[in-house]
Amino acid sequence: MPPRRFQAVFIILVFLVFNLVFYGPPSRKSIPTYDQVADAVKHPQAHVPDLGQLPAVPNPFGPSPHKPPVQANSTAASAYGAIEWLSDFKWRNPFSSSRLKLDPKIEFEVMRWLAWGHMKGGVLVNWLALPMAEYENPMLNFLRRNEYPKLSRVQSLDNAIFFGEQIAVNNAIKKLADNQLLKNVTANKDKLTKLANKEGGPVVNLLASADVAVDVKADGIASYSTATISSKYKTIADKLTNTTKAEALTLLESLINSHLHITWQEQHPEGVTIVKPVPEHTTALMFEATNIARNLTQCPASPMPKTCPPNRPKCRPCDANKAMKLQIFPEFVNTTKFFTIGTVPHPYTLTSLHYTRDTVDSNFLRNNAERDLWIRKLTDKSIPGDHTEEVRVLRFKELVAAIPPHSLWLTAERITQDDLDWVFGFGLPQMASTTAEPSSPSKESELIIFPRPGPPKPIQSIDIPDDKWVEKEQERLNKARDAIKSKNKNMKKIVEAVEQWNLADTEAWRFSRAYSARRRQERKKWEEEEAKYSGSEKKAGVRPGSGGGRWIDRK
Numbered sequence: 001m002p003p004r005r006f007q008a009v010f011i012i013l014v015f016l017v018f019n020l021v022f023y024g025p026p027s028r029k030s031i032p033t034y035d036q037v038a039d040a041v042k043h044p045q046a047h048v049p050d051l052g053q054l055p056a057v058p059n060p061f062g063p064s065p066h067k068p069p070v071q072a073n074s075t076a077a078s079a080y081g082a083i084e085w086l087s088d089f090k091w092r093n094p095f096s097s098s099r100l101k102l103d104p105k106i107e108f109e110v111m112r113w114l115a116w117g118h119m120k121g122g123v124l125v126n127w128l129a130l131p132m133a134e135y136e137n138p139m140l141n142f143l144r145r146n147e148y149p150k151l152s153r154v155q156s157l158d159n160a161i162f163f164g165e166q167i168a169v170n171n172a173i174k175k176l177a178d179n180q181l182l183k184n185v186t187a188n189k190d191k192l193t194k195l196a197n198k199e200g201g202p203v204v205n206l207l208a209s210a211d212v213a214v215d216v217k218a219d220g221i222a223s224y225s226t227a228t229i230s231s232k233y234k235t236i237a238d239k240l241t242n243t244t245k246a247e248a249l250t251l252l253e254s255l256i257n258s259h260l261h262i263t264w265q266e267q268h269p270e271g272v273t274i275v276k277p278v279p280e281h282t283t284a285l286m287f288e289a290t291n292i293a294r295n296l297t298q299c300p301a302s303p304m305p306k307t308c309p310p311n312r313p314k315c316r317p318c319d320a321n322k323a324m325k326l327q328i329f330p331e332f333v334n335t336t337k338f339f340t341i342g343t344v345p346h347p348y349t350l351t352s353l354h355y356t357r358d359t360v361d362s363n364f365l366r367n368n369a370e371r372d373l374w375i376r377k378l379t380d381k382s383i384p385g386d387h388t389e390e391v392r393v394l395r396f397k398e399l400v401a402a403i404p405p406h407s408l409w410l411t412a413e414r415i416t417q418d419d420l421d422w423v424f425g426f427g428l429p430q431m432a433s434t435t436a437e438p439s440s441p442s443k444e445s446e447l448i449i450f451p452r453p454g455p456p457k458p459i460q461s462i463d464i465p466d467d468k469w470v471e472k473e474q475e476r477l478n479k480a481r482d483a484i485k486s487k488n489k490n491m492k493k494i495v496e497a498v499e500q501w502n503l504a505d506t507e508a509w510r511f512s513r514a515y516s517a518r519r520r521q522e523r524k525k526w527e528e529e530e531a532k533y534s535g536s537e538k539k540a541g542v543r544p545g546s547g548g549g550r551w552i553d554r555k
């Protein structure tokens, strides 16, 4: 018996012979020519067999047998077919303009509440209400928790701030939609106007008193409402007319910014300190920190410098004759009464400056350079000497990322500091009086600017370098910045050797740089999110950190 594979081959051969004998090979006439194939490809319909009349099938893409019903505001889409957020939100809400003709003041307040419900509750704040208190303020702590058992408002702030969960907000909106006064707006116009002028605003007064709780013990928010401006800030109130309204808003911006600044100053009664752990040959290294410190201790520009925030009538207005203290310390002082500013240098930068060397090599590191000089000098008094560098770096990281922050740590290799207004919550002074007394930037301006404080007194027993030596320091600082960014293999090896020699200092520098980068990224993300709704600084044409604001017309 032959193997199975031979049996299979034999069967296939028999099958082929059988077909050739009975059917024969294909004739040449049955094989299409090249021209026939080409014609069939170009004209396929001529070669398709006739299948006769097919049954009728409904065409889903044909014209509609009747016109669709007309819907209110169904044309809110833009020319490109994209519905903007506001127009989409407006025609979906139960108070569409096609149904109610409300007074503009009432309509604006109703739209605020509808937008609040659309954003799933939380905190609803007027654009002229700002947090203006210490970080530990009970009201601000409560708002940060994002847990609101009742839909509430603050009695002293009228309708400037509300807070509540999504369910409570939506329930209030449903009750508002069913209010009898809104069934016939024209007939109830006088009643609605009267309710709109009461404390709390039109929406609160259209609801039952039990629907919105009233918080009477809250002082963390400053509201610059029209009534507040008229009663407390007459200089600005007099300009809030059609002809000078733009000027009034610019002055109001300066006033609010000055109140934020003096609130920050009051939280640090002992002033601002500049920490300079390695004082020899590092004057140029501290220029940026010194400039920021001088701006922080300067009295802010204001149209009414003797005034206080609305929520803090007993504040201490800034006095140029009794300016905030500005000092330099050789080490970090662990207290929240100071605000500390420091510059964290890369180990290569510090080695080059401190030892006055334009170049650094491995032999010099081993024979002359101290290890982790910066972190040890910084924590010399705040951390006992028997602690290791790892412990010192850990404490430093906690200091950098502390909440609330009582210190600012710059990196020496970053030249610009554009996000200071994001860090502090207010714009630092951009102008200073050219004399020892307060003055105005121009004859027409009602803004009052103050003289800039002088540099702090140097550390005792440390000589002040001459200008030529400071210029040398600046040259070495620039060379060090270039060396750290260099892609040259030899230079990269030298920088890596310095980092290995100063592991703790390197870790402190990297952490400070990473924390600063994270802060900038947070601002960028906020800008992108804010641009979807009310408009961000970038959308308003303001470069972040340029010292301007949304209220300034830059066209």
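Going by UniProt numbering, the first residue of the sequence shown is number 1, and it counts up by one from there. Beta carbons: idealized from backbone N, C-alpha and C, even for Gly.
Quiz item: Any idea what DSSP makes of Leu13, helix, strand or coil?
Solution: Against the sequence shown, residue 13 aligns to sequence position 13. If DSSP states are grouped into helix, strand and coil, Leu13 belongs with the helices.
Exercise. With a threshold of 16 other CB atoms inside 10 Å of the CB of Arg153, please say whether the residue is buried or exposed.
Key: Sequence index remark: in the sequence shown, residue 153 carries index 153 (1-based). Buried.
Quiz item: Three-state secondary structure (DSSP) at Ser512?
Solution: For the purposes of this step, residue 512 is taken as residue 512 along the sequence shown, with counting starting at 1. Ser512: helix per DSSP, three-state reduction.
Exercise. Give every residue of the same chain whose Cβ lies closer than 6 Å to the Cβ of Asn126, excluding the five residues on either side of it in the sequence, and list them in chain order.
Key: The residue labelled residue 126 in the question sits at position 126 within the sequence shown. Within the same chain, Asn126 has close Cβ partners Ala160.
Quiz item: Alpha carbon to alpha carbon, what distance is there between Val21 and Val14?
Solution: Your numbering for residue 14 matches position 14 in the sequence shown. Your numbering for residue 21 matches position 21 in the sequence shown. If I take the Cα positions, the gap works out to 11 Å.
Quiz prompt | Residue from Lys150, Leu157 and Thr307 whose Cα sits closest to the Cα of Pro131 | solution = Mapped onto the sequence shown, residue 131 falls at position 131. Looking at the Cα atoms, Leu157 is the closest of the given residues.
Quiz item: Quick one, are the C-beta atoms of Lys479 and Asp361 less than 9 Å apart?
Solution: To locate residue 479, count along the sequence shown from 1; it is residue 479. To locate residue 361, count along the sequence shown from 1; it is residue 361. It is not a contact, given that the beta carbons lie outside the stated cut-off.
Exercise. Could you tell me the boundaries of the beta strand (DSSP E) in which Ser382 lies?
Key: Start at 1 with the first residue of the sequence shown, and residue 382 comes out as number 382. Premise fails: Ser382 is in no beta strand (DSSP E) and is neither H nor E.
Quiz item: Which residues in the same chain as Val9 place their Cβ atom closer than 7 Å to its Cβ, once the five residues preceding and following it in sequence are excluded?
Solution: For this step, residue 9 is matched to residue 9 along the sequence shown. Within the same chain, and ignoring the five residues on either side of Val9 in sequence, no residue has its Cβ closer than 7 Å to its Cβ.
Quiz prompt | Residues bridged to Phe329 [DSSP beta-bridge criterion] | solution = Your numbering for residue 329 matches position 329 in the sequence shown. Per the DSSP secondary-structure output, Phe329 pairs in a beta bridge with Val275.
Self-check item: Whole-angstrom distance between Leu249 and Thr241, CA atom to CA atom
Solution: Walking along the sequence shown from the start, residue 241 turns up at place 241. Walking along the sequence shown from the start, residue 249 turns up at place 249. Each residue's Cα considered, the two are about 11 Å apart.
Quiz item: Is Gly425 helix, strand or coil when you go by DSSP?
Solution: As a working note, residue 425 is residue 425 in the sequence shown. Looking at Gly425 - three-state DSSP - the assignment turns out to be coil, as it is neither helix nor strand.
Practice problem: Could you spell out where the alpha helix (DSSP H) holding Leu143 opens and where it closes? | Solution: By one-based count along the sequence shown, residue 143 stands at place 143. Unbroken alpha helix (DSSP H) run through Leu143: Pro138 to Arg145.
Quiz prompt | Spatial neighbours of Ala432 in its chain, beta-carbon cut-off 8 Å, leaving aside the 5 residues before and after | solution = Sequence index remark: in the sequence shown, residue 432 carries index 432 (1-based). These residues qualify, in order along the chain: Gln298, Ile449, Phe450, Pro451 and Arg452.
Quiz prompt | Nearest residue (CA-CA) to Ser302, options Arg294, Asp319 and Ile292 | solution = Here residue 302 corresponds to residue number 302 of the sequence shown, with the count starting at 1. Among Arg294, Asp319 and Ile292, the Cα nearest to that of Ser302 is on Asp319.
Quiz item: What's the C-alpha gap between Tyr23 and Asp39?
Solution: If you number the sequence shown from 1, residue 23 lands on position 23. If you number the sequence shown from 1, residue 39 lands on position 39. Looking at the two C-alpha atoms, the distance is approximately 29 Å.
Quiz prompt | Minimum length 3: unbroken beta strand (DSSP E) runs contained in the region 249 to 327 | solution = 272 to 275
Exercise. Under the assumption that Arg395 contacts Ile383 (Cβ atoms under 8 Å), give the Cβ distance between them as a whole number of angstroms.
Key: In the sequence shown, residue 395 corresponds to position 395, counting from 1. In the sequence shown, residue 383 corresponds to position 383, counting from 1. Sure, about 6 Å apart at Cβ, within 8 Å.
Quiz prompt | Closest Cα partner of Val203 within the set Glu331, Ala172 and His66 | solution = Locating residue 203 in the sequence shown gives position 203, where the first residue counts as 1. Here the closest residue by C-alpha is Ala172.
Practice problem: Starting from Ser445, trace the alpha helix (DSSP H) both ways and give me its first and last residue. | Solution: Sequence index remark: in the sequence shown, residue 445 carries index 445 (1-based). First-last for Ser445: undefined, no H or E at that position.
Quiz item: What residue does the alpha helix (DSSP H) around Ala177 start on, and which one ends it?
Solution: One-based indexing of the sequence shown puts residue 177 at position 177. Here the alpha helix (DSSP H) through Ala177 covers Gln166 to Ala177.
Exercise. Provide the residue span of the alpha helix (DSSP H) that contains Trp127, from first to last.
Key: Against the sequence shown, residue 127 aligns to sequence position 127. For Trp127, there is no enclosing alpha helix (DSSP H), as DSSP marks it with neither H nor E.
Quiz item: Hey, which unbroken runs of the alpha helix (DSSP H) at 4 residues or more fall wholly within the region 331 to 362?
Solution: The region 331 to 362 contains these whole alpha helix (DSSP H) runs: 347 to 354.
Quiz item: Between the Cα of Lys457 and the Cα atoms of Leu102, Arg366 and Val272, which residue gives the shortest distance?
Solution: Working through the sequence shown from its first residue, we reach residue 457 at position 457. Per the Cα distances, Val272.
Quiz item: Who are the near neighbours of Ala82 in its chain, counting only those whose CB is closer than 7 Å to its CB and skipping five residues on each side?
Solution: Within the sequence shown, numbered from 1, the residue matching residue 82 stands at position 82. Low local confidence applies: a pLDDT of 38 at Ala82 is under 50, so the model's placement there is unreliable, with the coordinate-based value given in what follows. There are no such residues.
Practice problem: Kindly indicate which three-state DSSP category Leu408 falls into: helix, strand or coil? | Solution: For the purposes of this step, residue 408 is identified with residue 408 of the sequence shown, where counting begins at 1. Three-state result, Leu408: strand.
Practice problem: Grab me the residues of Val495's own chain with a C-beta within less than 7 Å of its C-beta, minus the 5 sequence neighbours each way, in chain order. | Solution: Numbered from its first residue, the sequence shown carries residue 495 at position 495. For Val495, where only same-chain residues beyond five positions count, the Cβ hits under 7 Å are Tyr348, Ala483 and Ile484.
Self-check item: Pro429, buried or exposed, once every other Cβ within 10 Å from all chains shown has been counted against 16
Solution: Position 429 of the sequence shown, counted from the start, is the residue given in the question as residue 429. Result: buried.
Quiz item: Using the rule of at least 16 other Cβ atoms within 10 Å of the residue's Cβ for burial, across every protein chain shown, is Phe108 buried or exposed?
Solution: The residue given as residue 108 occupies position 108 in the sequence shown. Classification of Phe108: exposed, given that the 10 Å Cβ count is below 16.
Practice problem: Ignore the nearest five residues each way along the sequence and tell me which others in Arg513's own chain have a CB closer than 6 Å to its CB. | Solution: Position 513 of the sequence shown holds residue 513. Thr411.
Quiz prompt | Cα-Cα separation between Asp178 and Leu102, rounded to whole angstroms | solution = Taking the sequence shown and counting its residues from 1, one reaches residue 178 at position 178. Taking the sequence shown and counting its residues from 1, one reaches residue 102 at position 102. About 15 Å.
Self-check item: Closest Cα partner of Pro310 within the set Ser258, Met324, Phe287 and Lys276
Solution: Residue mapping note: residue 310 aligns to position 310 of the sequence shown, counting from 1. With distances taken between Cα atoms, Pro310 lies closest to Ser258.
Quiz item: Applying the criterion that 16 or more other CB atoms from any shown protein chain within 10 Å of the CB defines a buried residue, is Gln265 buried or exposed?
Solution: To locate residue 265, count along the sequence shown from 1; it is residue 265. With 16 or more Cβ atoms within 10 Å of its Cβ, Gln265 is classed as buried.
Quiz prompt | Three-way DSSP call (helix, strand, coil) for Arg5 in this model | solution = Within the sequence shown, residue 5 is the residue found at index 5, counting from 1. In the structure shown, Arg5 sits in a helix (DSSP, three-state: H, G or I).
Self-check item: Residue nearest to Lys150 in terms of C-alpha spacing, selected from Glu331, Glu165, Asn490 and Val17
Solution: In the sequence shown, residue 150 corresponds to position 150, counting from 1. Checked all of Glu331, Glu165, Asn490 and Val17; the closest Cα to Lys150 is Glu165.
Self-check item: Glu507 to Gly425 span [Cα, whole Å]
Solution: As a position in the sequence shown, residue 507 is number 507, starting the count at 1. As a position in the sequence shown, residue 425 is number 425, starting the count at 1. Straight-line Cα distance between these residues: approximately 28 Å.
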